[in-house]
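Notes follow once the structure below has been shown.
Protein chains in written order, with the numbering used here: chain A, 194 to 572; chain B, 8 to 497.
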């Protein structure tokens, strides 16, 4: 076909491509210049001018993207047809790559670089890392992250698995499931605020507004009556150095059990009934069926759930920040990062924390993605 | 409690804390005046008495300041002076200041070009470095003034009638305006946090007297316990993102009273270790109140677990106070008892309409002196004006700032304390009438140390250290202060 094309046609295509590209460029350039020039709206009240600006930006954005693609396409079509075919997919994937590059890859690279370059004048490039790993507060945060990582995903998966196994037999399955699932719809901050009230402490003698202490004082009353304990005192769940980490982990588990349950429940339903039926006929107990057949069958799902929760746990920030602010030895790396960044304005340390988190998350992510691939989800 | 009430209060508190926690600057001033929104209305009604905005000192007598007299005679009419301050555009402070300087403009014909400047400290530094410094700038930290003076950027105020200034101003502020024995700054506005609130009627009923020394304070505390009247102190430090700052204020207020002023400043600048013996001594004084059994309501758990807006709730308990004294700046009045809910629903109501009117049910006294030789200092904030130019009209405005007229407008609008002794006491309304007495008696002014330390200490390990200290009921004093010392950035 290309050979059949007359030079006249080619000339027309090239001309059209140039004209379209030029017009697109001029429109976008003028539009952006207009938007960045506040003088243009000076005579309007601020709200109106903001509205106009927003409108123009939306129109320019939508039309502009379309125009860019159109212009790019016309340019491509002016090329020899084989080149057109080869290059077209790249043209269409380019914006996505550019956006990911600009908003994800570039900041990551820059963060890593900053952690090595934002150092005092006479210090080496590893200064921030030396500081971090000798700072007792950072070590505490790392230790706590490790405790979180050990406890939260495992407990969430186990509880989720038990729920999923049990709920499979319940008549009101969907209702039971939605109750367990509901916390997942709550943001971390919301959950932390809710649980801050659950854990609330008031001095003995005042009404306990915290659910847990209200219950404890009520139950403890009986224990005192029976002579099991001398007196009952409200427990300051969020004020016990170090141990307070565990009530916080409890919040995370409360949030994640629903997710674990839903995924595992679906996986359990995927286990072929022939298998369990056969086992049952062979005389296996329900417990044996569950542990010897069901669990091995859903191993992939278990791994996926575990790693997904592990990643969320490593990045935990909101729960700690809202409840204890990282005080009383409950800090985690993400909270350190926030404090260094926004409270101390120490960019070197902040980026170092970010890099430590990134490095810690990567292996788990690799396991997660590989596992998904094996299941054919991400392939 | 209603959800919205909570939110509103948290917001208000957040603002206060943002002000307190922010890296330095006279933010503490604003922090001390959180109910500022209510005060203008209050001041507005008072405008009539302070009234006739004329010059004090009968005309013809002169102000005692050469250039100011010339300016008032109209000699500099048509000239202009630029003034920068950190009070944000459209803030209450900026509006008050603008209104306050209007009489000067009217009387002298000098145009005062006032620019409230966001991101103030950086903006000023850039302007000075670039040779575009304003004629007059407000500065909140003595250290900044020292830097500019050291760099030779400031105009020395050697034209000033120093005898008059010294006579007109509280000596501590007069001294603070100096650097290397040269006068550079005229202190204009100040604030005091060193106060303790107490229930007036309950004190009277029990025959308790306001303590004026540390020993009396301790004796009173013991008396309250002995009388079976609950716990003498309401203390708590939980305040979300800024947990612990209340404790740092206590440390600072006590250190000012137990050590020489130089030690306090050396401590801020880390010229002595954070855990210097002087500092540990102050910590011992503090633990006497915080950790002596039965002194603090609810013990150390209450201190760490209770939000600062609710610290004093037991003071307002039905059937009499369960705790009797609370050290906190003036803004706390908005959080008393039923005031919280009331203000959330009626944000514009003046304090006189609140359910618990500050000064009636509960009033304040000066956090007592501890060692006589260290006098009666105040912890707070203060703003001064410095000059980057030396022209007659600039001199005139600076001289005007040292006269009561420069304070009058703002005092009427509320939320202003002048370091001048010449401001008539009757200009002030509650609570500034009481606070101004403390300013007049101030032997020294302690600027909020935690604001001046590096943020990783002042808003970091100092706060978290105090929380750890409280959690251990004061039994780990040395470790805590050593840990803060170790955390000081090298």
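Backbone N, C-alpha and C fix where the C-beta goes; we use that ideal spot for every residue, glycine too.
Those runs of the alpha helix (DSSP H) which lie wholly inside the stretch 190-223 of chain B and span at least 4 residues: 207-212
Runs of alpha helix (DSSP H) wholly within the stretch 420-485 of chain B (minimum 4 residues, chain order): As summarised for the stretch 420-485 of chain B, the continuous alpha helix (DSSP H) elements at least 4 residues long and confined to that stretch are 439-448, 456-459, 469-478, given in chain order.
Compare the C-alpha of residue 204 (chain B) against each of B:427, B:373, B:446, B:481 and name the closest. Taking each of B:427, B:373, B:446, B:481 in turn and checking the Cα distance to residue 204 (chain B), the smallest one comes out for B:373.
Quick one: is residue 1 (chain B) near chain A, going by C-beta distance under 8 Å? Summary: the structure shown does not reach residue 1 (chain B), with chain B confined to residues 8 through 497, and so no result is reported for it.
Should residue 243 (chain A) go down as buried or exposed, given a rule of 16 or more other Cβ atoms within 10 Å for buried? The residue in question, residue 243 (chain A), is exposed, as its Cβ has fewer than 16 Cβ neighbours within 10 Å.
Report all residues from its chain with a CB closer than 6 Å to the CB of residue 409 (chain B); omit the five preceding and five following residues, and keep chain order. The beta carbon of residue 409 (chain B) lies closer than 6 Å to those of 172, 193 in the same chain, with the five residues before and after it left out.
Simplified DSSP state of residue 425 (chain A), which is helix, strand or coil: DSSP places residue 425 (chain A) in the coil class of the three-state scheme, outside both helix and strand.
Would you verify that the beta carbon of residue 518 (chain A) is, or is not, closer than 8 Å to some beta carbon of chain B? yes
Give a yes or no on whether the minimum CB-CB distance between residue 13 (chain B) and chain A is below 8 Å. In this prediction, residue 13 (chain B) has a pLDDT of 49, which is less than 50 and means its spatial position is unreliable; what the coordinates show is noted afterwards. By this cut-off, residue 13 (chain B) is not an interface position.
Is there a Cβ of chain B sitting closer than 8 Å to that of residue 521 (chain A), yes or no? yes
Are the CB atoms of residue 467 (chain B) and residue 537 (chain A) nearer to each other than 8 Å? yes
Residue span of the beta strand (DSSP E) that contains residue 386 (chain B), given as start and end: 385-394
Quick check on the DSSP output: the alpha helix (DSSP H) that includes residue 323 (chain A) runs from which residue to which? 320-327
With 8 Å as the limit, tell me which residues of the stretch 149-165 of chain B have their beta carbon closer than that to any beta carbon of chain A; keep them in chain order. none
In the DSSP assignment, find the beta strand (DSSP E) that holds residue 433 (chain A) and state where it starts and stops. Run containing residue 433 (chain A): none; DSSP gives neither H nor E here.
Please tell me whether residue 501 (chain B) has its Cβ less than 8 Å away from any Cβ of chain A. Since the displayed chain B opens at 8 and closes at 497, residue 501 (chain B) lies outside it and no answer follows.
Under the three-state reduction of DSSP, which class applies to residue 335 (chain B): helix, strand or coil? coil
Based on the DSSP output, what are the partners of residue 238 (chain B) in its beta bridges? B:330
Interface flag, residue 474 (chain B) vs chain A, CB-CB below 8 Å: yes
Would you report the Cα separation of residue 411 (chain B) and residue 434 (chain B), rounded to the nearest angstrom? Residue 411 (chain B) and residue 434 (chain B): Cα-Cα distance of roughly 10 Å.
Within chain B, partners of residue 338 (chain A) - CB distance below 9 Å: Correct list: empty, because the minimum Cβ distance to chain B is about 18 Å.
How about residue 164 (chain B) and residue 394 (chain B): do their beta carbons lie closer than 8 Å? yes
Would residue 456 (chain B) pass as an interface residue toward chain A - the criterion being a Cβ-Cβ separation below 8 Å? no
Can you find a CB in chain A that lies within less than 8 Å of the CB of residue 486 (chain B)? Judged by the 8 Å Cβ criterion, residue 486 (chain B) is not in contact with chain A.
Residues of chain B with a CB under 7 Å from the CB of residue 536 (chain A): which are they? 462, 466, 467
What are the residues that DSSP puts in a beta bridge with residue 87 (chain B)? B:118
Report yes or no: is there a C-beta of chain A within less than 8 Å of the C-beta of residue 428 (chain B)? Answer no: the Cβ-Cβ gap between residue 428 (chain B) and chain A never drops below 8 Å.
Residues in its own chain within less than 7 Å of residue 275 (chain B) by CB, not counting five upstream and five downstream? 456, 459, 460
So residue 373 (chain B) is in the beta strand (DSSP E); what residue range does that whole segment cover? 369-373
Which of the residues in the stretch 299-317 of chain B, read from start to end, lie with their CB under 9 Å from any CB of chain A? 304, 305, 306, 307, 308, 309, 311, 312, 313
List the residues of chain A that residue 478 (chain B) touches, going by C-beta distances under 7 Å, in chain order. Under the 7 Å cutoff, chain A gives 432, 434, 521.
Residues that residue 471 (chain B) contacts on chain A, provided the C-beta gap is smaller than 7 Å: 520
Could you compute how far the alpha carbon of residue 332 (chain A) sits from the alpha carbon of residue 324 (chain A)? Rounded to the nearest angstrom, the two C-alpha atoms are 11 Å apart.
Could you check whether the Cβ of residue 345 (chain B) sits closer than 8 Å to any Cβ belonging to chain A? no
By the three-class DSSP mapping on this structure, what secondary structure does residue 393 (chain A) have? coil
Could you tell me the boundaries of the alpha helix (DSSP H) in which residue 399 (chain A) lies? It is not in any alpha helix (DSSP H) - residue 399 (chain A) carries neither H nor E in the DSSP assignment.
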